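Taking it in order: structure first as structure tokens, then the write-up.
Protein chains: 2
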Amino acid sequence: MLTIGSLAKKTGTKVQTIRYYEQIGLMPEPGRTEGGQRRYEDAELDRLSFIRHSRQLGFSLDAIRELLDLSDHPEKSCDEADAIARRQLRQVEQRMARLKALRTELKRMVHECSGGRTADCRVLEVLRDHSECLTEHDDIGA
Amino acid sequence: MLTIGSLAKKTGTKVQTIRYYEQIGLMPEPGRTEGGQRRYEDAELDRLSFIRHSRQLGFSLDAIRELLDLSDHPEKSCDEADAIARRQLRQVEQRMARLKALRTELKRMVHECSGGRTADCRVLEVLRDHSECLTEHDDIGA
DNA sequence: TTTACATCCTCTAGCTACTGTAGATTCAAG
DNA sequence: CTTGAATCTACAGTAGCTAGAGGATGTAAA
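From first to last, the protein sequence lines stand for chains A and B. Using this note's numbering, read the first sequence as starting at 1 and increasing by one per residue. Using this note's numbering, read the second sequence as starting at 1001 and increasing by one per residue.
In structure tokens, the structure reads:
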């Protein structure tokens, strides 16, 4: 029987976040004490761990919802879970490629800063100038 | 004299986004036609390009505000702009390191999926199990 | 048993950086 | 003069939380 606070501590989640997950139906409504405080079982600890671990891997709450649903129905095919993971992997690889390009440009900016007045600052100049930029008008991506 | 729509097209921004930037004071209030429609000058095109380019490099709107302010005052020291860029570079490098770790774990998940029932699915198993996970209880990061 | 105090409760609002919608108006071309 | 695309304002919604007010509860020590 865990209080919401100890559940939070065990999973590295904020108390409010747990209540938020309950609100959006990602966590079930737990039992309550007579006074109305939430008390959790081990099953809920497992579920929350699953959610947090998935979040750390970058899965969206919607994706996690699907994964939890699959996990609740062991007779279903594994393919769906695999597809979700693959989709996630693709996203991660896209983000990495993008960040690599950004890092290159940022490094160039920083190394070329001469340390004078902003009038001569390469950082600002590079930001002003799109032409050397390899990225087109696509989405920005978190 | 550009309409908001052509400014949007030239900079790869949505019309609403431009109005939003105006609302939060990132873009100045432009001139208007008699009928009340916005009309932009080249200076505003430059400013918006600067903003969008900076966004693509991952700068927050607050950081961009600072950069614009520096850019508006050429007598100030370049150091501040450089510091902002360096901060940004650090963030990008942190994100990349994080994504690398995630990619490793996701790849492991995907490759180990046997394609049976979800009951045996490694994807779900890995998500359930935190122990092999290298990441601690730190923030998730966009 | 009382008291102190950490933790819990609900509810509401705020955050970032937009995006979308409704319903009315304006502009430019034909 | 008409048509239709583009624009206007205002407001609501998105993800994924986070923070705060103001009050109730749980627990351990005095």
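Heads up, the beta-carbon is just placed ideally off N, CA and C, and yes, glycines get one too. Remember, it's a predicted structure, so these values are computed and weren't measured experimentally.
Subject >> Of the listed residues A:R122, A:L102, A:R117, nearest to A:H111 (C-alpha basis) >> reply: Sequence index remark: in the first sequence, residue 111 of chain A carries index 111 (1-based). Checked all of A:R122, A:L102, A:R117; the closest Cα to A:H111 is A:R122.
Original post:
Are the C-beta of A:E93 and some C-beta of chain B separated by less than 8 Å?
Top reply: Within the first sequence, numbered from 1, the residue matching residue 93 of chain A stands at position 93. Yes, A:E93 counts as interfacial toward chain B.
Original post:
Cβ of A:A85 within 8 Å of Cβ of B:L1106?
Top reply: Position 85 of the first sequence, counted from the first residue, corresponds to residue 85 of chain A. Position 106 of the second sequence, counted from the first residue, corresponds to residue 1106 of chain B. Closer than 8 Å, so yes.
Original post:
Between B:L1127 and A:G12, what straight-line distance do the alpha-carbon atoms span, to the nearest angstrom?
Top reply: Translated into positions along the second sequence, residue 1127 of chain B becomes position 127. Translated into positions along the first sequence, residue 12 of chain A becomes position 12. For B:L1127 and A:G12, the distance between alpha carbons rounds to 16 Å.
Original post:
By Cβ distance, which residues of its chain are closer than 8 Å to B:Q1088, with the 5 residues on each side in sequence left out?
Top reply: Looking up residue 1088 of chain B in the second sequence gives position 88. Closer than 8 Å at the Cβ level, and outside the excluded window around B:Q1088, lie L1057, G1058, F1059, A1063.
**OP:** Leaving out five residues on either side along the sequence, give the residues of the same chain with a beta carbon under 8 Å from the beta carbon of A:E29.
**Re:** If you number the first sequence from 1, residue 29 of chain A lands on position 29. Closer than 8 Å at Cβ, skipping near neighbours: E22.
Original post:
Using 8 Å as the limit for Cβ to Cβ distance, is A:Q37 near chain B?
Top reply: Here residue 37 of chain A refers to the residue found at position 37 of the first sequence. Not one chain B Cβ lies under 8 Å of A:Q37.
**OP:** Could you confirm whether any beta carbon from chain B is found closer than 8 Å to the beta carbon of A:D82?
**Re:** To locate residue 82 of chain A, count along the first sequence from 1; it is residue 82. Yes, A:D82 counts as interfacial toward chain B.
**OP:** State yes or no: is the C-beta of A:L7 within less than 8 Å of the C-beta of A:R65?
**Re:** In the first sequence, counting from the first residue as 1, residue 7 of chain A sits at position 7. In the first sequence, counting from the first residue as 1, residue 65 of chain A sits at position 65. No, the Cβ-Cβ distance between A:L7 and A:R65 is not below 8 Å.
Original post:
Is the Cβ of A:A85 closer than 8 Å to any Cβ of chain B?
Top reply: Residue mapping note: residue 85 of chain A aligns to position 85 of the first sequence, counting from 1. Contact of A:A85 with chain B is assigned, a C-beta pair being separated by under 8 Å.
Subject >> Beta-carbon spacing of A:S54, B:T1118 below 8 Å >> reply: Along the first sequence, one-based indexing puts residue 54 of chain A at 54. Along the second sequence, one-based indexing puts residue 1118 of chain B at 118. Not a contact, by the Cβ cut-off of 8 Å.
Original post:
From A:E125 to B:L1070, what does the alpha carbon distance come to, in whole angstroms?
Top reply: Position 125 of the first sequence, counting from 1, holds the residue named residue 125 of chain A. Position 70 of the second sequence, counting from 1, holds the residue named residue 1070 of chain B. C-alpha separation (whole angstroms): 12 Å.
Original post:
In three-state DSSP terms, what is B:T1013?
Top reply: For the purposes of this step, residue 1013 of chain B is taken as the residue at position 13 of the second sequence. In the structure shown, B:T1013 sits in coil (DSSP, three-state: anything other than H, G, I, E or B).
Original post:
What does A:R32 pair with, by DSSP beta-bridge criteria?
Top reply: Within the first sequence, numbered from 1, the residue matching residue 32 of chain A stands at position 32. Under the DSSP definition of a beta bridge, A:R32 partners with A:R38.
**OP:** Pull up the CB-CB distance for A:V92 and B:L1102, whole angstroms please, since I reckon it's below 8 Å.
**Re:** Here residue 92 of chain A refers to the residue found at position 92 when the first sequence is read from its first residue. Here residue 1102 of chain B refers to the residue found at position 102 when the second sequence is read from its first residue. The Cβ separation is near 5 Å, so the contact holds.
Original post:
Got a sec: is the Cβ-Cβ distance from A:V15 to anything in chain B below 8 Å?
Top reply: Counted from its first residue, the first sequence places residue 15 of chain A at position 15. No, because no Cβ of chain B sits closer than 8 Å to the Cβ of A:V15.
Original post:
Is it right to say A:L61 is buried, meaning 16 or more other beta carbons lie within 10 angstroms of its own, or is it exposed?
Top reply: In the first sequence, the residue the question calls residue 61 of chain A occupies position 61. When all chains shown are included, A:L61 counts as exposed.
**OP:** Could you work out which residues of chain B lie near A:L106, taking near to mean beta carbons separated by less than 8 Å?
**Re:** If you number the first sequence from 1, residue 106 of chain A lands on position 106. What A:L106 touches in chain B: L1057, A1085, Q1088, L1089, V1092.
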